[in-house]
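What follows is a set of notes on a single structure, which appears directly below.
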Amino acid sequence: MTSGGYDPNQYPQGGQPYGQQPNPAGGQPPYGQEPGQQPYGQQQPYGQSDPYNQQPQQPYGQQPQFGQQQPYGQPDPYGQQQPYGQQGFGAPGLGGGAQPGDLWMRLGARIIDALIIGIPSAIIYAVLNSASGTLAFLWSMIMWALPFGYFVFMESQQGATLGKKLLGMRVVAPGGGLLDPATSAKRNLFMLAGIIPCLGWIVSIGLQIYIAVTIEQDPNKQGWHDKFAGGSQVVKG
225 MTSGGYDPNQ YPQGGQPYGQ QPNPAGGQPP YGQEPGQQPY GQQQPYGQSD PYNQQPQQPY
285 GQQPQFGQQQ PYGQPDPYGQ QQPYGQQGFG APGLGGGAQP GDLWMRLGAR IIDALIIGIP
345 SAIIYAVLNS ASGTLAFLWS MIMWALPFGY FVFMESQQGA TLGKKLLGMR VVAPGGGLLD
405 PATSAKRNLF MLAGIIPCLG WIVSIGLQIY IAVTIEQDPN KQGWHDKFAG GSQVVKG
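Here the sequence shown is numbered in this note's numbering, starting from 225 and rising by one per residue.
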């Protein structure tokens, strides 16, 4: 105790601000400031990231390891899009993905249809065989037109002729639906080649052979008449 009321412990030495305790080494930070936090008003040096709450960035082009989450804001390498112009797995094929009917099944269906439409036509032709002149010419045209009308009607209304139904096949349009009458007529137009005088039956046989060859060589079993109709197809089921 000194005289005059002066206590040296009440007044800090060395220029310490009034009312602030000295911060010894290893002591607590100032009030309101977290450990390691930058003093108020002082910015982080340029190019130096904050050491706290810092996530390790993945090297460019390298996928994260198993069980490691993708950093926020970085695109997922597993969700990449399919390359342009390349179809994904399981893309639907022609005719809704159904299996095309092969040549021999179609030939068998054609024979069944020929018997169905040919037997009644042959009976009527035998009865009217004695006719001559204009009546005989008209009947010969009807004989070639009847199978054509039968195929167009059955394909556009039922999706298949009776022969194809018995063998488990159907005719589909380019989009996979039912044929319209105009498309079916284009598909079966070769059947009217027999109307040509004298050479009609030769032309008809030649067209049928050519159609059989194109069916056998095409990977989708589409004949020349199918492509002429815009891409129709005979499929199983």
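C-beta: ideal position from N, C-alpha, C; glycine also. In this text the structure is predicted, and so the values were computed from the model without any measurement.
Measure from the alpha carbon of residue i to the alpha carbon of each residue in the options, then state which is nearest.
i, options, result
"leucine 416", "Gly373, Ser345, Ile336", "Gly373"
"phenylalanine 361", "Leu413, Ile429, Ile420", "Ile420"
"leucine 413", "Arg330, Ile348, Ala453, Ile433", "Ala453"
"serine 428", "Gly325, Pro371, Gly461, Gly455", "Pro371"
"phenylalanine 375", "Val351, Pro398, Leu403, Tyr434", "Leu403"
"aspartate 337", "Leu327, Lys389, Gln323", "Lys389"
"methionine 378", "Gly418, Met367, Ile347, Ile341", "Ile341"
Determine the DSSP secondary structure at residue i, reduced to helix, strand or coil.
i, result
"lysine 460", "strand"
"proline 307", "Unreliable placement is indicated for proline 307, whose pLDDT of 43 sits below 50; the coordinate value is still reported in the next sentence. Correct three-state label for proline 307: coil."
"proline 421", "coil"
"proline 443", "coil"
"tyrosine 264", "Note that tyrosine 264 scores a pLDDT of 49, beneath 50, so its modelled location is shaky; the value from the coordinates is reported in the next line. Three-state DSSP puts tyrosine 264 in coil, outside helix and strand."
"aspartate 450", "helix"
Verify whether the separation of the beta carbon atoms of residue i and residue j is less than 9 Å.
i, j, result
"glycine 387", "alanine 333", "yes"
"proline 364", "threonine 407", "According to the sequence shown, residue 364 is serine rather than proline. Going by C-beta atoms, serine 364 is not nearer than 9 Å to threonine 407."
"glycine 325", "leucine 391", "yes"
"valine 351", "methionine 393", "no"
"lysine 410", "alanine 322", "no"
"alanine 397", "leucine 331", "no"
"methionine 329", "serine 345", "no"
Should residue i be listed as close to the ligand GDP, given that the test is whether its C-beta is under 8 Å from any heavy atom?
i, result
"leucine 402", "Of ligands this structure carries none, so the ligand GDP is not represented either."
Compute the beta-carbon to beta-carbon distance between residue i and residue j, rounded to the nearest angstrom, for a pair I have assumed lies under 8 Å.
i, j, result
"glycine 424", "threonine 438", "That pair is no contact at about 21 Å."
Comparing the C-beta of residue i with each C-beta of chain D, is any distance below 9 Å?
i, result
"isoleucine 336", "Annotation note: the requested chain D is absent from the structure, which comprises a single protein chain."
**Contiguous beta strand (DSSP E) assignments of at least 3 residues, all confined to the region 368 to 411** = 393 to 396
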